[in-house]
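Residue numbers are given in my numbering: position 63 of the first sequence equals residue 568, and the series is strictly consecutive. The beta carbon of each residue, even a glycine, is placed where N, CA and C say it ideally should be. What you are looking at is a predicted structure, and each value in this text was computed from that prediction instead of being measured. Input: a single structure, listed below in structure tokens.
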Amino acid sequence: MPFAFGRHKKMRKTDEFSSVFRFRCVGGGGGLSVLAAPNGLDYARLGLIVPKRIIATAVGRNRVKRLLRENFRMRQDALAGLDIIAQLKAAMAEDALIETFRAGMLQCKTCAENRARRADGPTGSRT
RNA sequence: GGAGUCGGCCAGACAGCCGCCGCGCGGGCAACCGCGCGGAGGAAAGUCCGGGCUCCACAGGGCAGGAUGCCAGGUAACGCCUGGGCGCUAUAAGCCGGGGACGCGAGUCCCCGACCCAAGGCGACGGAAAGUGCAACAGAAACAUACCGCCGAUGGCCUGGACUUUGACGCGCAAGCGGCAAAGUCCUUCCUUUCAGUGGGUGUGGCGAAAGCCAUAUACGCCAAGGGAACGGGUCAUGCGCGUCAGCGCAUGGCCAAUCCCCGCAAGGGGAUGGGCACAGGCAAGGGUGAAAUCGUGCGGUAAGAGCGCACGGCCGCGCCGGCAACGGCUGCGGCGGGCAAACCCCAUCCGGAGCAAGGCCAAAUAGGCAGACGUUGAGGCGGCCCGCCGAGUCUGCGGGUAGGCUGCACGAGGCGAUGGGCGACCAUCGUCCCAGAUGAAUGGCUGUCCACGACAGAACCCGGCUUACCGGCCGGCUCCCACU
């Protein structure tokens, strides 16, 4: 099933997060940052950062994470081989959140592709 | 049917598609795939109490510390719940009284006041005659206090001094002497008064950095004007004292008058008193202050007053009766200088500590390494101290290695139903059901339909409570009112 989203498609370890941050391929805008980096796998993975400082209630944080995860799930086949991180920077409306997340994912995809062509090396040759 | 109040329950629904987590079955070496079932809350929250569970000597004694605090019951336990007691308390209706409007009238309506005060609500609700302490501001006083005020019983002080003139009187031969009375002057002192002036003080307003200055008000003082300064009603009798005498003082009594109180419709009757001041003193009634002022009201009583006495009421202790008890009732006896214990304190009851990152297992790790200190004459541990107990390793530094998985982890003080017991919280028996277990953290998205247009909000070891947040809906109990039978 192309839309399936199991546990292995979630990023959990600190190393995985920090390597994406180090790749410096940033998209999105407003209250949401979207980052990406190649992961050397044939499927995409998603990491979410929703700070308690921005959304106080647990229900609100769950709501944001579910919306982002659902949108990732519907577009994951286009992002194969990438790790995606969505980081919430400020509170925003649901419609705007979804819109910027979709745009950010596209930006990151083209950014990562350009970076790979310029490096002219094999994919996934990072530390 | 309406109003009020209390309690319980629910928390958008349905269908399709795409996804997430767990369990079971089947397939596959495995990753995984298919099917079926299940998948947040009444508060999951705050982490405020109580317990289970786990580890820490054997969880044991004392001190310290903490918590609780009407009584009885429920419970594993509680600061929770149920029932009861006590205290405080809201509003409507009702009833009573008064007034008004309308009506021929029965009456109806409205307003005001008082009474009684529903279901309910609220209460850290043990002890203040064991002790220490506290009470801002205001007020005289929050402690033994007196500002205004009341009194004049008791003690005290004063009711004046000097001078001039006149008059009658007494004594004396006379000169004169004696007190008395009247008029006047001055001093002293007291009271009253008002305009102007003036002095210090206080309040208010303005200016100023401040010192202060100015304005105004107020009572007081000075000054000014006016008024007063009394041996205590009068008289008679008797007795005593002093004086040469005139006379004076004291005591008792009679009559007439004055003032006050009481009785009486009145006439009148009865009783008390005998100058002033308020310095000492007496009082705590009234005013004023305050959250609170020494028990409330009335009568007696007194110089004025006061639980000083009495009646009724209130409070405390003893006794008797009812109740398991808190408590209630009663007459009898004795007593009555308050408040705060959410100040210390006293009394009673309870509490060992730490927490699922507890704790256990597996795997991995050059490797359970080196150096020092203290230790069976007791190191160290039992997370405050002592006793008591366990007891052979413990601590520090250097150098390094892991920080992955499993378990704990969901059958429980469990839910639902029936029967029985209990006012009730709840308990007992039987039947039936299995109902979330994530861990970078699962419940969502899209589409359609319907309606009352959807609040607060997400399990993290588990339960029982409390508290806080919340759009609304449904049901029931109780009280009052209206209508019908």
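Residue i lies in the beta strand (DSSP E); which residues open and close that run?
i, result
"Arg550", "Arg550 to Ile554"
For residue i, which residues of its own chain have a beta-carbon under 7 Å away from its beta-carbon, when the five flanking residues on both sides are left out?
i, result
"Lys570", "Leu553 and Val555"
"Lys594", "Gly536, Leu537 and Ser538"
Under 8 Å between the Cβ atoms of residue i and residue j?
i, j, result
"Ala596", "Gly535", "no"
"Asp588", "Arg550", "yes"
"Phe606", "Leu584", "no"
"Cys603", "Asn567", "Just to set this straight, residue 603 is Ile in the shown sequence, not Cys. Cβ atoms of Ile603 and Asn567: not closer than 8 Å."
Tell me which residues share the same chain as residue i and place their Cβ nearer than 6 Å to its Cβ, disregarding the 5 neighbours each side in the sequence.
i, result
"Gln592", "Ser538 and Ile554"
"Ile590", "Val525, Leu540 and Gly552"
"Asn619", "none"
"Gln612", "Gly532"
"Gln581", "Ala549"
"Ala608", "none"
Within a Cβ cutoff of 8 Å, which residues of the same chain sit near residue i, ignoring the five residues on either side of it in sequence?
i, result
"Lys614", "Ala541, Ala583, Leu584 and Leu587"
Three Cβ pairs or more, each shorter than 8 Å: is that satisfied between the region 522 to 534 and the region 558 to 575? no
Would you list, in sequence order, the uninterrupted beta strand (DSSP E) runs of no fewer than 3 residues that lie entirely inside the region 529 to 601? 531 to 534, 537 to 543, 550 to 554 and 587 to 593
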